[in-house]
Amino acid sequence: MEVDVDFEGLKECFEGLRDPRVIGRTAHNLTDILFLTLCAVLCGMDDWESIEEWGKERQEWLRQYVEVRNGIPLHDTISRVFAALDSATFQTCFIRWMGTLCPNLDGQIVAIDGKTARGSHQRLRGKQAIHVVSAFVCDHGLTLGQVKTEEKSNEITAIPELIAALDLRGSIVTLDAMGCQKEIAKAIVGKDADYVLGLKGNQGTLSKQVKQFFNETEWRNYKDFSNWGHRTEEKGHGRAETRRCVALACDHWENIEAWIGLKSVTMVESLRQSGGEISSEKRYYISSLAPDSKKLAQAIRSHWEIENRLHWCLDMTFKEDASRIRTDHAPENMNIVKKIAMNLLRLNPLKRSLPKKRLKACLNNEYLADVLGI
23 MEVDVDFEGL KECFEGLRDP RVIGRTAHNL TDILFLTLCA VLCGMDDWES
73 IEEWGKERQE WLRQYVEVRN GIPLHDTISR VFAALDSATF QTCFIRWMGT
123 LCPNLDGQIV AIDGKTARGS HQRLRGKQAI HVVSAFVCDH GLTLGQVKTE
173 EKSNEITAIP ELIAALDLRG SIVTLDAMGC QKEIAKAIVG KDADYVLGLK
223 GNQGTLSKQV KQFFNETEWR NYKDFSNWGH RTEEKGHGRA ETRRCVALAC
273 DHWENIEAWI GLKSVTMVES LRQSGGEISS EKRYYISSLA PDSKKLAQAI
323 RSHWEIENRL HWCLDMTFKE DASRIRTDHA PENMNIVKKI AMNLLRLNPL
373 KRSLPKKRLK ACLNNEYLAD VLGI
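23 is the number of the first residue of the sequence shown in the working numbering; add one for each residue after it.
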């Protein structure tokens, strides 16, 4: 995705943030603290102390873009501001900014899934780790927005909230089995988007119906059923895997009216061989798309991008699970900053990994300015 990042546009989208501190009793501007933090995170700093130290080393560079009155804020000051900053408003600003960068999602696969920030719990205060549900554009590795929940079990209520906040027109939204709910399917169709939902035992009647349908179809067409659908093969690291995706129409079924837009059911059969061991697995999906096996196989496969390119990167590149940022709104707000940084790095055309881009930004002021669109 070719997008010209404009720093002025980024600033404009975050102008609605209210400073949580007492007016007239602040030594540092909120804008300065936010800009310092974003720049430091882009450069590989993942905690308050390292953000402060980075700022001290780059103070003259920072003065080109923000006031930096009274010098660089102490890490305790940065921590208090992020703990008090309203995370819901910060989240809304983030979604607004991404809406300006990705105004057209036609044909794009948007995966929605949740991740727990394991280091954000506070045992002594009885506070559980935060769980964040994110929407991710799989082809381009960009996070569109997020909603925080207190635990994974609350994803079912958080997902419709996130869908309502996003412009998903023309996209294909993928969710695992937890998101396979009638109201969620309705919400996605109401956004002029399509859905592909994992199907497991949480939808008992429909799950049994779909499995029985594929079993009967296979039995009736046993001579050639194994050749149906879209097939892919992968080999590497001593393992071979064959996947077959079969999509069939279901819009003629009875008693599916509650599933708004439902048109097809899909079976993905995986056959894995590792050493002398062979294992097989069948997974099932429902979708508002027509029964196109290749297209549905691509959407189902792409869903894992949110695990590999968002959740894994938050942990391994941005050290989220190891983070000890825990107070009040600070964990969610820092999660948003890291996703803004990840999006900016991915939008920059330099062909490097995220860790190497962060290192280059730390070593090269011109590259940091280029990433920011300054």
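Idealized CB from N, CA, C, for every residue including glycine.
Comparing C-alpha positions only, which one of R331, A110, I300 sits nearest to F36?
A110
Whose CA, out of V268, V232, Q168, lies closest to the CA of D246?
V268
Per DSSP, H252 is paired with what?
C267
Own chain partners of I73 with C-beta closer than 7 Å, once the 5 adjacent residues on each side are dropped
Closer than 7 Å at the Cβ level, and outside the excluded window around I73, lie L58, T59, A62, M67, H97, I100.
Between the region 85-95 and the region 351-362, do at least 3 Cβ pairs fall closer than 8 Å?
no
Roughly how many angstroms separate the alpha carbons of W334 and R242, rounded to a whole number?
43 Å
Have a look at I55, I134, P95, A106 and flag the residue whose alpha-carbon is nearest the alpha-carbon of T196.
I134
Answer yes or no: do S286 and L270 have a C-beta to C-beta separation smaller than 8 Å?
Contact flag set, yes.
Length of the line joining the Cα atoms of G38 and L56
13 Å
For G212, the first and last residue of its enclosing alpha helix (DSSP H):
Annotation: the continuous alpha helix (DSSP H) that includes G212 extends over 204-212.
Just verifying my parser: in three-state terms, what is the DSSP assignment at G38?
coil
What are the complete alpha helix (DSSP H) segments, minimum 4 residues, inside the region 255-329?
Every alpha helix (DSSP H) of 4 residues or more that sits fully in the region 255-329 is shown, in chain order, as 315-324.
Please classify D198: is it buried, with 16 or more other beta-carbons within 10 angstroms of its beta-carbon, or exposed?
buried
M200 versus A157 - alpha carbon distance:
15 Å
Would you kindly report the start and end of the unbroken beta strand (DSSP E) that includes I131?
131-138
Please classify R380 as buried or exposed, where buried requires at least 16 other C-beta atoms within 10 Å of its C-beta.
buried
I need the boundaries of the beta strand (DSSP E) containing I194, first residue and last residue.
194-197
What number of angstroms, rounded off, separates the C-alpha of A215 from the C-alpha of A49?
47 Å
How about G163 and L188: do their beta carbons lie closer than 8 Å?
No, the Cβ-Cβ distance between G163 and L188 is not below 8 Å.
Under 8 Å by Cβ, that's how I've got K16 and Y389 pegged, so tell me the actual separation to the nearest angstrom.
The chain is shown only over 23 to 396; residue 16 falls outside these bounds and no answer can be derived.
CA nearest to the CA of S310, picked from E303, L318, C124
L318
I181 and I206: beta carbons closer than 8 Å?
yes
Give the DSSP-derived three-state secondary structure of F340 in the structure shown.
coil
Do S324 and I185 have their beta-carbon atoms positioned less than 8 Å apart in this structure?
Cβ atoms of I185 and S324: not closer than 8 Å.
Beta-carbon proximity list for V103, same chain, < 6 Å, skipping 5 on both sides:
In chain order, I55 place their CB closer than 6 Å to the CB of V103, counting only its own chain and leaving out the 5 sequence neighbours on each side.
Taking contact to mean at least 3 C-beta pairs separated by less than 8 Å, is the region 252-265 in contact with the region 292-308?
Yes, since at least three Cβ pairs between the region 252-265 and the region 292-308 fall closer than 8 Å, the two stretches touch.
Beta-carbon within less than 7 Å of V90's beta-carbon, same chain only, minus the 5 sequence neighbours each way: which residues are those?
D54, Q81, L84
Out of E354, I300, L64, V232, state which residue places its alpha-carbon closest to the alpha-carbon of N386.
If we check each option's Cα against that of N386, L64 comes out closest.
Could you name the residues that DSSP lists as bridge partners for V155?
Beta-bridge pairing links V155 to G136, V169.
What is the DSSP secondary structure of L385, reduced to helix, strand or coil?
DSSP places L385 in helix when its eight states are reduced to three.
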